[in-house]
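Visitor: The structure's right below; bear with me while I get my questions together.
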């Protein structure tokens with residue numbers, strides 16, 4: 005029996021890169037948060053302190069910024085693939101890389117009905133994400149979104165559930181359903197119109213949330229995921245994580261006031277947390293696409 | 005010399021009230037965060053522990069929720085005025101009240117080109133705010149917004165400033181200017197189209213930010229404030245607080261890469277913080293409209 | 005009637021300065037967060053964009069770091085006084101300054117019973133604070149703490165309060181009382197053993213919280229403030245802000261389980277918020293010691 | 005090819021349970037944050053909306069609170085094992101469970117040299133954690149800590165690393181090394197003195213951080229992990245995640261001030277992120293002990 009080094013990775017997290025395109029009077033902006041992780045045989049760096057095979061995290065940071073100019077920031081998936089492949093292909097000891105990019109959207113300020121050339125407001129709302137994983141020749145792209153806050157004020161029930169001695173919840177045939185959605189979907193191929201697919205998946209998620217008459221958040225998530233996979237054959241798997249942001253009907257009866265689904269308390273904690281995967285039964289192998297090293301959630 | 009009770013107030017902070025209007029198939033939503041503070045002679049409650057004059061914060065919370073139904077939530081200013089006046093007029097010992105409301109905006113989900121009747125996404129971006137202060141018969145309304153994140157990629161200079169022995173900053177004639185704006189404006193009268201004015205002030209702030217060729221954030225703020233006061237005679241004072249969210253040009257020269265205002269590092273801390281008031285020289289007295297008790301910023 | 009510039013200030017917020025003293029094998033550490041604001045007649049900077057009187061916030065930042073070496077960081081009050089006086093005395097147009105410093109405490113790691121010379125853990129818990137205000141020749145020091153989280157599991161009652169039609173709260177003679185205290189106290193003179201007084205005030209606050217049999221959080225705060233003023237004649241005023249962090253007794257009766265003050269749900273929002281000032285009736289004038297420019301709370 | 009439900013789980017997250025032991029005059033407090041997740045065949049709940057096999061998350065919440073009384077909260081590992089086994093053993097459709105508990109420490113207030121019976125301050129600093137995973141008859145316990153902020157002001161070097169065309173970092177033989185450590189260690193057996201082991205592991209981590217002359221954060225983490233495994237044969241694996249919280253030496257030369265490792269800027273983002281696993285080469289299988297369903301990091 006001996007003590008050995010297991011899974012490990014290292015990198016520079018949360019490089020806040022802003023890229024302005026200013027080739028003409030009408031500028032463009034890209035605003036991203038990039039995290040890099042490199043993988044390979046870094047046993048020596050750990051066990052003897054010898055850093056000969058270690059490309060500094062500072063260098064990784066420099067590369068993120070330099071690539072924003074050299075490769076540009078078009079779709080975040082392409083930018084991440086470029087970065088990841090560079091580390092794996094060009095830096096000898098690096099065998100794998102995980103590049104994570106969040107993108108923040110900006111809207112042009114409208115002045116007298118015209119979009120301004122170089123002034124924006126940050127949109128808020130959901131953040132577009134991608135995680136690109138490279139292992140030698142292979143590459144996986146998992147794109148997604150987070151912080152998409154949704155609410156429907158009817159069309160949601162919850163009843164007929166299992167009851168035990170700790171169950172006090174009343175069944176309901178009409179409740180508020182609200183969540184802050186995180187979705188991540190894995191592509192089977194790399195030749196994608198990333199941005200157009202993103203917009204389309206986002207719209208499918210919204211429509212399913214709105215239109216599915218919900219018997220449970222599980223059912224809503226399933227329908228969301230299924231609709232995405234049906235519409236996009238190159239998406240082979242989607243994972244959804246959805247806090248059930250409880251909106252409790254407030255009892256106004258003590259004040260002689262009726263409250264028929266009108267006044268709610270939006271609670272912070274605890275919250276339900278529903279998580280699921282919708283996939284093809286013959287989905288190609290995911291490799292380490294979903295893998296984070298110290299599997300900390 | 006003796007030890008005495010000075011300024012004090014108490015209330016219930018951050019009541020998360022959600023109101024659904026469901027009179028027909030097309031629902032409406034109002035999503036607010038309400039904080040109440042009551043003022044008066046509460047010396048006994050402090051010095052002897054006698055609570056006979058103290059309306060519990062729990063009761064204040066109940067009132068916030070009940071009023072969401074009884075008075076409804078139209079404009080947050082009206083809702084806050086109703087609440088504040090109720091406490092001052094109907095609860096004997098209460099002489100003054102400060103009601104603060106934040107409102108979160110929601111957008112209808114669009115399905116097949118049509119706005120959905122009862123499903124929304126939370127907009128993100130700026131939060132609409134109001135602070136209503138009641139003192140006996142008097143009332144002040146200070147409305148505003150916060151978290152309005154703005155950026156312009158050119159049209160901003162900074163040079164000709166004072167230099168001392170600690171000055172190393174290089175002058176610039178073209179920089180990125182970005183901020184997350186907090187604005188609060190005080191009305192001279194209570195008979196206002198609150199929502200329409202809000203939308204108009206917000207638009208003026210955006211347009212000034214976009215259009216003023218900036219020699220300093222101070223100048224931009226002044227022009228923003230002045231334009232608001234000029235357009236709205238019933239607004240007698242506006243206060244602006246604007247972090248200068250630095251975007252530092254990254255030096256790519258070591259990699260043989262030119263960077264002419266294209267790649268920036270968006271820094272977190274420290275940040276500049278520019279704060280100013282634009283007012284009428286004959287503005288009516290503000291009473292305690294801007295006053296928080298333990299003046300903690 | 006004309007539009008004029010009102011209160012204004014500008015500076016560099018949240019300079020994260022860490023100072024290591026390494027004169028011998030046993031190092032010392034000071035870890036602070038410094039925000040500067042300068043005041044004066046900066047009308048031109050706002051109205052014409054002329055920055056000739058404006059010392060850049062970048063220079064202010066440089067000064068914070070340089071002073072950490074030149075003046076050192078002993079007591080944060082002295083460091084802030086040095087900084088503030090420098091800006092007011094040495095920089096022509098600056099007439100006033102507000103310097104705010106937060107200090108984070110570190111504990112030495114103990115190895116084999118001995119404190120380590122150069123390795124620490126950050127203590128967590130409360131943050132020590134000071135706000136120094138300079139106006140010309142005058143100076144005020146307001147020291148304090150924040151994030152001091154306190155809880156007592158008995159010795160707290162709440163009953164005999166005012167009731168109206170919205171009151172549903174049950175009276176209680178035994179409850180959990182918990183808060184996260186912010187305290188700020190103003191000194192009447194600048195020749196103080198700052199650190200020793202800080203430690204003593206902190207201890208008084210803790211002892212009063214523990215020992216006062218509480219009939220309301222108001223009463224507890226009053227006794228805390230009074231005890232501080234009685235023990236420290238050079239402290240002429242103290243302001244306390246205390247969220248009532250509600251711990252709700254959970255109803256376990258449906259499961260046939262008794263719960264006599266044993267199991268609580270610690271709620272997030274809403275929370276009570278009790279704020280008060282305890283002062284001397286002949287306290288010297290505070291000038292703008294408590295003043296923040298756009299009075300945003 | 006068909007679309008199928010993949011990995012899924014559901015539960016109630018962040019139940020904030022506070023337990024007071026009040027059997028005598030000297031009370032005890034336990035303050036925890038509990039998240040439950042249940043696993044099993046919940047296909048119907050997703051695909052048809054039939055909730056017959058779904059124990060509501062509200063019931064899971066109730067059970068967390070009821071067990072705080074019925075089983076008590078001694079060691080968080082035992083409490084989590086009790087909860088997890090209850091769900092798997094007593095609730096028919098549940099085949100697996102993941103129970104995560106964070107514990108916040110409180111210190112007694114000291115009055116006149118004596119520890120108070122029922123008043124505390126929250127300690128701050130690191131949070132003790134556990135994740136218990138149950139699969140049928142099997143159980144895994146992964147205990148740990150997070151938010152343990154450490155700094156050493158010397159005894160850390162970084163040089164001899166790999167350089168490429170994007171490398172600009174200067175080598176150093178003396179730097180500040182700081183991190184906010186997350187550690188999680190997996191036990192091979194369930195009969196453990198959990199609290200005593202926790203305290204001992206924490207101390208080993210601190211001592212190694214302090215005493216290892218660091219050639220890289222990787223090396224420090226390896227030595228920390230190895231020392232834990234050597235001292236505790238029942239710990240078969242430890243995962244460490246450590247942001248490199250950069251402290252940049254400030255250039256004071258422009259002001260004629262020397263800065264030999266004394267004044268630093270503590271940066272926020274980006275930060276290095278070093279993650280590794282130290283394990284036994286014959287460690288027993290981890291099952292899904294490290295597994296979170298939508299593997300979101």
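Residue numbers (our numbering), protein chains in the order written: chain L, 5 to 301; chain C, 5 to 301; chain G, 5 to 301; chain U, 5 to 301. Beta carbons: idealized from backbone N, C-alpha and C, even for Gly.
Please identify, using Cβ separations under 7 Å, the residues of the region 254 to 271 of chain C that lie next to chain U, in order along the chain.
Guide: So the list reads 258 and 259, given in the order they occur along the chain.
Visitor: Am I right that residue 22 (chain G) and residue 251 (chain U) are in contact with their C-beta atoms under 8 Å? What's the rounded C-beta distance?
Guide: Working through the third chain from its first residue, we reach residue 22 (chain G) at position 18. Working through the fourth chain from its first residue, we reach residue 251 (chain U) at position 247. That belief holds up - the Cβ atoms of residue 22 (chain G) and residue 251 (chain U) are roughly 6 Å apart, short of 8 Å.
Visitor: Taking Cβ-Cβ distances below 9 Å as the criterion, which residues of the region 77 to 96 of chain C are in contact with chain U?
Guide: Flagged: no residues at all.
Visitor: Cβ of residue 275 (chain G) less than 8 Å from any chain L Cβ?
Guide: By one-based count along the third chain, residue 275 (chain G) stands at place 271. Closer than 8 Å: no.
Visitor: Counting only beta-carbon separations shorter than 8 Å, does residue 171 (chain L) have a partner in chain U?
Guide: In the first chain, the residue the question calls residue 171 (chain L) occupies position 167. At least one chain U Cβ lies under 8 Å of residue 171 (chain L).
Visitor: To the nearest angstrom, how far is the alpha carbon of residue 278 (chain U) from that of residue 207 (chain L)?
Guide: One-based indexing of the fourth chain puts residue 278 (chain U) at position 274. One-based indexing of the first chain puts residue 207 (chain L) at position 203. Rounded to whole angstroms, residue 278 (chain U) to residue 207 (chain L) spans 37 Å at the Cα level.
Visitor: Please determine, among C:13, C:127, C:70 and C:64, the residue with the shortest C-alpha to C-alpha distance to residue 257 (chain L).
Guide: Numbered from 1 along the first chain, position 253 holds the residue referred to as residue 257 (chain L). The shortest Cα separation from residue 257 (chain L) among C:13, C:127, C:70 and C:64 belongs to C:70.
Visitor: Does residue 301 (chain U) come out as helix, strand or coil in the three-state DSSP assignment?
Guide: Taking the first residue of the fourth chain as position 1, residue 301 (chain U) is located at position 297. Per-residue confidence for residue 301 (chain U) stands at a pLDDT of 41, beneath the threshold of 50, marking its modelled position as unreliable; the derived number appears in the next sentence. Note: residue 301 (chain U) maps to coil in three-state DSSP.
Visitor: Kindly indicate which three-state DSSP category residue 177 (chain L) falls into: helix, strand or coil?
Guide: Here residue 177 (chain L) refers to the residue found at position 173 of the first chain. If DSSP states are grouped into helix, strand and coil, residue 177 (chain L) belongs with coil.
Visitor: Whose C-alpha, out of U:78, U:120, U:51 and U:91, is nearest the C-alpha of residue 63 (chain U)?
Guide: For the purposes of this step, residue 63 (chain U) is identified with residue 59 of the fourth chain, where counting begins at 1. The option with the nearest alpha carbon to residue 63 (chain U) is U:91.
Visitor: Check whether the region 280 to 297 of chain U touches the region 127 to 144 of chain U, counting contact only when three or more Cβ pairs, one atom from each stretch, lie closer than 8 Å.
Guide: Touching, yes, given that three or more Cβ pairs across the two stretches are closer than 8 Å.
Visitor: I'd like the list of long-range same chain contacts for residue 88 (chain G), defined as Cβ closer than 6 Å, with 5 residues on each side in sequence excluded.
Guide: Reading the third chain from its first residue, position 84 is the one you call residue 88 (chain G). Hits under 6 Å: 101, 103, 136 and 138.
Visitor: Compare the C-beta of residue 244 (chain U) with all C-beta atoms of chain G and state if any pair is closer than 8 Å.
Guide: The count along the fourth chain starts at 1 and reaches residue 244 (chain U) at position 240. For residue 244 (chain U), the answer is no, since every Cβ of chain G falls outside 8 Å of its Cβ.
Visitor: Nearest chain U C-beta to residue 293 (chain G) closer than 8 Å, yes or no?
Guide: What you label residue 293 (chain G) is simply residue 289 of the third chain in a count that begins at 1. Taking Cβ atoms only, chain U never reaches closer than 8 Å to residue 293 (chain G), which makes this a no.
Visitor: Under the assumption that residue 61 (chain L) contacts residue 276 (chain U) (Cβ atoms under 8 Å), give the Cβ distance between them as a whole number of angstroms.
Guide: Working through the first chain from its first residue, we reach residue 61 (chain L) at position 57. Working through the fourth chain from its first residue, we reach residue 276 (chain U) at position 272. At roughly 4 Å, the Cβ-Cβ gap stays under 8 Å, so residue 61 (chain L) and residue 276 (chain U) are in contact.
Visitor: Based on the DSSP output, what are the partners of residue 160 (chain L) in its beta bridges?
Guide: Here residue 160 (chain L) refers to the residue found at position 156 of the first chain. Partner(s): L:218.
Visitor: Exposed or buried, residue 167 (chain U), counting other C-beta atoms within 10 Å across all chains shown (16 or more means buried)?
Guide: The residue given as residue 167 (chain U) occupies position 163 in the fourth chain. When all chains shown are included, residue 167 (chain U) counts as exposed.
Visitor: Please confirm if the region 224 to 232 of chain L is in contact with the region 262 to 271 of chain L, defined as three or more CB-CB distances below 8 Å between the two stretches.
Guide: Result no; under three Cβ-Cβ pairs closer than 8 Å.
Visitor: Using a Cβ-Cβ cut-off of 8 Å, state whether residue 155 (chain U) counts as contacting chain G.
Guide: Locating residue 155 (chain U) in the fourth chain gives position 151, counting from the first residue. Yes, residue 155 (chain U) counts as interfacial toward chain G.
Visitor: Name the chain C residues whose beta carbon is nearer than 8 Å to that of residue 213 (chain L)?
Guide: Counted from its first residue, the first chain places residue 213 (chain L) at position 209. Within 8 Å Cβ-Cβ: 113 and 123.
Visitor: Counting only C-beta atoms, is residue 226 (chain U) closer than 8 Å to chain L at any point?
Guide: Within the fourth chain, the letter at position 222 stands for residue 226 (chain U). Output row for residue 226 (chain U): interface = yes.
Visitor: Can you list the residues of chain L that residue 201 (chain C) reaches, using a CB-CB cut of under 9 Å?
Guide: If you number the second chain from 1, residue 201 (chain C) lands on position 197. Residues of chain L passing the Cβ test: none, with the nearest at roughly 19 Å.
Visitor: Using 8 Å as the cut-off, can you tell me whether the region 231 to 245 of chain U makes contact with the region 195 to 204 of chain U, which would need three or more C-beta pairs spanning the two stretches below that distance?
Guide: Verdict: yes, contact present.
Visitor: Is residue 193 (chain G) close to chain C? Criterion is C-beta to C-beta, closer than 8 Å.
Guide: Your numbering for residue 193 (chain G) matches position 189 in the third chain. With 8 Å as the cut-off, residue 193 (chain G) does not count as an interface residue toward chain C.
Visitor: Beta-carbon of residue 51 (chain U) versus every beta-carbon of chain G: anything under 8 Å?
Guide: What you label residue 51 (chain U) is simply residue 47 of the fourth chain in a count that begins at 1. Chain G contact via Cβ: absent.
Visitor: So is residue 163 (chain C) buried or exposed if we call it buried at 16+ other beta carbons inside 10 Å?
Guide: Taking the second chain and counting its residues from 1, the one referred to as residue 163 (chain C) is at position 159. Looking at its Cβ environment, which holds fewer than 16 other Cβ atoms inside 10 Å, residue 163 (chain C) is exposed.
Visitor: Should residue 93 (chain U) be labelled buried (16 or more other beta-carbon atoms within 10 Å of its own) or exposed?
Guide: Position 89 of the fourth chain, counting from 1, holds the residue named residue 93 (chain U). Result: exposed.
Visitor: Of all the CB atoms in chain G, is at least one closer than 8 Å to the CB of residue 60 (chain C)?
Guide: Against the second chain, residue 60 (chain C) aligns to sequence position 56. So yes, residue 60 (chain C) belongs to the interface.
Visitor: Using only CA atoms, which one of G:266, G:144, G:172 and G:255 lies nearest to residue 122 (chain U)?
Guide: Counted from its first residue, the fourth chain places residue 122 (chain U) at position 118. Ranking the options by Cα distance to residue 122 (chain U), first place goes to G:266.
Visitor: Using the Cα positions of residue 284 (chain C) and residue 222 (chain C), report the straight-line distance between them to the nearest angstrom.
Guide: Translated into positions along the second chain, residue 284 (chain C) becomes position 280. Translated into positions along the second chain, residue 222 (chain C) becomes position 218. Distance between the alpha carbons of residue 284 (chain C) and residue 222 (chain C) is about 18 Å.
Visitor: Against chain G, with Cβ distances strictly below 8 Å, would residue 238 (chain C) count as a contact?
Guide: Counting from 1 along the second chain, the entry for residue 238 (chain C) is found at position 234. Cβ-Cβ to chain G under 8 Å: no for residue 238 (chain C).
Visitor: So which of L:239, L:143, L:126 and L:209 has the shortest CA-CA distance to residue 86 (chain L)?
Guide: Position 82 of the first chain, counting from 1, holds the residue named residue 86 (chain L). Nearest option by C-alpha distance: L:143.
Visitor: Going along the chain, which residues of its own chain have a beta-carbon closer than 6 Å to the beta-carbon of residue 19 (chain U), five neighbours each way excluded?
Guide: By 1-based counting over the fourth chain, the position of residue 19 (chain U) is 15. Taken in chain order, the residues that qualify are 38, 65 and 68.
Visitor: Tell me which residue opens and which closes the alpha helix (DSSP H) that residue 83 (chain C) is part of.
Guide: Locating residue 83 (chain C) in the second chain gives position 79, counting from the first residue. 80 to 94 is the extent of the alpha helix (DSSP H) around residue 83 (chain C).
Visitor: Which word fits residue 274 (chain C), buried or exposed, when buried means at least 16 other C-beta atoms lie within 10 angstroms of its C-beta?
Guide: Counting from one through the second chain, the residue named residue 274 (chain C) turns up at place 270. The residue is buried, with at least 16 neighbouring Cβ atoms inside 10 Å.
Visitor: Taking buried to mean at least 16 other C-beta atoms within 10 Å of its own C-beta, is residue 6 (chain L) buried or exposed?
Guide: Here the question's residue 6 (chain L) lines up with position 2 in the first chain. Counting Cβ neighbours within 10 Å, residue 6 (chain L) comes out exposed, since fewer than 16 surround it.
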